[in-house]
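Notes follow once the structure below has been shown.
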Amino acid sequence: EGFTTALQLPEKVDLVCAEIIGAIASEENCIATIRDAQTRFLKEPNNPESYIPVGAQTFAAPVTYALHPVLAPPRFEKLKGMPLRLNCRDETLQLLAEPQMIEDIQFSSPSLPAPGAWKQNPWTFKVTSERLEA
């Protein structure tokens, strides 16, 4: 129990099993954690079979929320400007554009970015009048 960065192993291992993926795949610092595991723990760090899971993807889309009036102050002021995340199975949510993959993190990739080097690509969502009227 604890941080893997504080862990020492007597020898390298065949498999890393990780549960460090948030609602946004990278939000729990999985890239830095996996890079550390690649360097210190794995016999074959570039082999996809060395990881459970092999990686993670995050998809996102702009939505309209039928119950948005309940988000008015004071109820959600505690978000302090942070994004609100809602259950994608909520039928009061309607997509305003097609979902897009915003992250594709493959743990065996030799090109996982170094700490502080990860750059987010810009996204563009096409919102049509048909979606707004739905």
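Mapping to my numbering: the sequence shown position 102 is 140, numbers consecutive.
From the three backbone atoms N, C-alpha and C, an ideal C-beta is built for every residue, glycine too.
Leu109 sits in a helix when the DSSP states are folded into three classes. Following the DSSP letters along the chain, one finds Ile140 in no alpha helix (DSSP H) but inside the beta strand (DSSP E) bounded by residues 138 to 144. Scanning Asp74, Gly60, Thr130, Gln46 for the CA closest to the CA of Ala152 turns up Asp74. For Cys126, the secondary structure class from DSSP, reduced to helix, strand or coil, is coil. Counting C-beta atoms within 10 angstroms of its own C-beta, Glu141 has 16 or more neighbours from the protein chains shown and is therefore classed as buried. Between Gly60 and Phe145 the beta-carbon gap is near 15 Å, outside 8 Å, which marks them as no contact.
Beta-bridge pairing by DSSP links Cys55 to Ile90. Beyond the five residues adjoining it in sequence on each side, Glu136 comes within less than 7 Å, by CB distance, of Ala99 in the same chain, given in chain order. In the three-state DSSP reduction, Gln76 falls in the helix class (H, G or I).
Three or more beta-carbon pairs separated by less than 8 Å are not found between the region 100 to 109 and the region 68 to 82, which leaves the two stretches without contact.
The continuous beta strand (DSSP E) containing Leu131 extends over residues 131 to 133.
Straight through space, the alpha carbons of Pro91 and Phe97 are spaced by roughly 17 Å. Within the same chain, Cβ atoms closer than 7 Å to the Cβ of Leu105 are found at Thr130, the five residues on either side in sequence being excluded.
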